[in-house]
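Below is one structure, written out as structure tokens, with a few remarks after it.
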Amino acid sequence: QNIPISAEHQKSLAQAKLLFEEGLSADNMNNYELSINKTDSSYILITAVLNYSSTTLKSYFKQYSEWNKQAASAIARSAKQKSSLIIIDKYARQCIVSLAGKLADSYTAELGSNWIGDKHLQGDKSTPEGLYKISSKKANGSTKYYKALLLNYPNADDKKRFAEGQKSGRISKGASIGNLIEIHGHGGKGVDWTDGCIALTDSNMDKLYKLSEVGAEVLIVGSLKSLEQINNQQ
């Protein structure tokens, strides 16, 4: 249910719901032929959206081995340097805090509304993926989102990928890479709503703010679990 889908797919789901309700109504009136036609049509529409979501997830999770390596390396550095580390698990919607390589706390997070995949340019509403650092801490009053940890997006990898995208034509020459990616407050809406930032509730932002320092690493990955592990748990 958290997979971003197009307006066309949203329209298909709304139509499928209507057809299914019409099928139930026809069934209640003993018009079984009409009921079957309506529910079959609903099933076809739902299946198309489910297939799209499944294909999208499988393609996205091909990067899992790399996410796993990145997380293991970041945790090992945190343990060796006795430093704090924040890991954002996008699929699980979790903001995880590690202190000296050990789990300290975790919070529910909300992401950009187009969260699957890396961020490519300003306005794509995607939360970036990769290794970042906290470049500054914004106290209450210096940000409109209660409190915030500003990340050093775009980093060198982001700039390189953006330049390659413009060179290949995948990104228009007039596009901007964007900036001001933060972990901030005013979360708790229960949906992915940001333009690419990570949102926590204000109370959890208070906790994270105290545990974090400027220069600390922030790793953003698609998932800390493989798709197989997730399916087995479900």
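Taken in order, the sequence shown gives residues 506 to 739; the numbers are from the numbering used here.
The C-beta atom is built at its ideal place from N, Cα and C for all residues, glycine as well.
Beta carbon of residue i nearer than 7 Å to that of residue j
| i | j | result |
| --- | --- | --- |
| residue 641 | residue 656 | no |
| residue 717 | residue 589 | yes |
| residue 722 | residue 579 | yes |
| residue 487 | residue 638 | Outside the displayed span of the chain (506 to 739) sits residue 487, for which this structure offers no information. |
| residue 619 | residue 630 | yes |
| residue 626 | residue 680 | yes |
| residue 609 | residue 584 | no |
| residue 520 | residue 562 | no |
| residue 565 | residue 727 | yes |
| residue 634 | residue 697 | no |
| residue 559 | residue 508 | no |
| residue 740 | residue 701 | Since the first residue shown for the chain is 506 and the last is 739, residue 740 is missing from the structure and cannot be characterised. |
| residue 710 | residue 652 | yes |
| residue 546 | residue 529 | no |
Segment limits, alpha helix (DSSP H) that includes residue i
| i | result |
| --- | --- |
| residue 524 | 512-533 |
| residue 693 | Here residue 693 belongs to no alpha helix (DSSP H), and DSSP marks it neither H nor E. |
| residue 672 | 661-673 |
| residue 576 | 569-586 |
| residue 542 | 537-565 |
| residue 708 | 707-716 |
| residue 732 | 732-738 |
Pick from the options that is closest to residue i, judged by C-alpha positions
| i | options | result |
| --- | --- | --- |
| residue 692 | 613, 666 and 627 | 613 |
| residue 601 | 549, 559, 738 and 724 | 724 |
| residue 663 | 623, 653, 677 and 643 | 623 |
| residue 649 | 737, 569, 698 and 689 | 689 |
| residue 632 | 523, 528, 652 and 658 | 658 |
| residue 554 | 643, 546, 665 and 510 | 510 |
| residue 603 | 586, 616, 615 and 617 | 586 |
| residue 527 | 517, 542 and 513 | 542 |
| residue 552 | 517, 736 and 712 | 517 |
| residue 666 | 653, 682, 531 and 652 | 682 |
| residue 568 | 530, 621, 546 and 534 | 621 |
Beta bridge counterpart(s) of residue i as assigned by DSSP
| i | result |
| --- | --- |
| residue 600 | 593 and 612 |
| residue 687 | 655 |
| residue 607 | 604 |
| residue 759 | Only positions 506 to 739 of the chain appear in this structure, which leaves residue 759 out of reach. |
Residue i, enclosing beta strand (DSSP E) - first and last residue
| i | result |
| --- | --- |
| residue 722 | 722-726 |
| residue 617 | It is not in any beta strand (DSSP E) - residue 617 carries neither H nor E in the DSSP assignment. |
| residue 641 | 635-643 |
| residue 653 | 653-656 |
Any non-hydrogen atom of the ligand ZN within 6 Å of residue i CB
| i | result |
| --- | --- |
| residue 692 | The ligand ZN is not part of this structure, which contains no ligands at all. |
Three Cβ pairs or more, each shorter than 8 Å: is that satisfied between the region 719-734 and the region 588-604?
yes
The region 696-707 in contact with the region 570-579 per 3-pair CB rule at 8 Å
no
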